[in-house]
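Residue numbers (mature numbering (1 follows the signal peptide of the UniProt record, and there is no 0)): -28 to -1, 1 to 33.
Structure, as structure tokens:
Shown next, in the form of structure tokens:
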């Protein structure tokens, strides 16, 4: 099957253009440790609770 020269040129141009598009660096949001956060599911209305108000990593929910 013979490819059309225009489609090959467009594909190569798109690939080359993608090399020059700068991706935004990922950044995490900061968490205020002095604030209270409430996590409520929009669909069910159920809320999450942290066992014994734990603030350590891996706290049970």
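By construction, the Cβ of each residue, glycine as well, lies at the ideal position given by its N, Cα and C atoms.
The alpha helix (DSSP H) enclosing residue i, as first and last residue numbers
i: residue 11; result: No alpha helix (DSSP H) holds residue 11; DSSP gives it neither H nor E.
DSSP-derived helix/strand/coil call for residue i
i: residue -6; result: coil
i: residue 19; result: strand
i: residue 3; result: coil
Pairwise C-alpha distance: residue j and residue i
i: residue -13; j: residue -2; result: 27 angstroms
i: residue 5; j: residue 14; result: 24 angstroms
i: residue 26; j: residue -5; result: 34 angstroms
i: residue 9; j: residue -19; result: 50 angstroms
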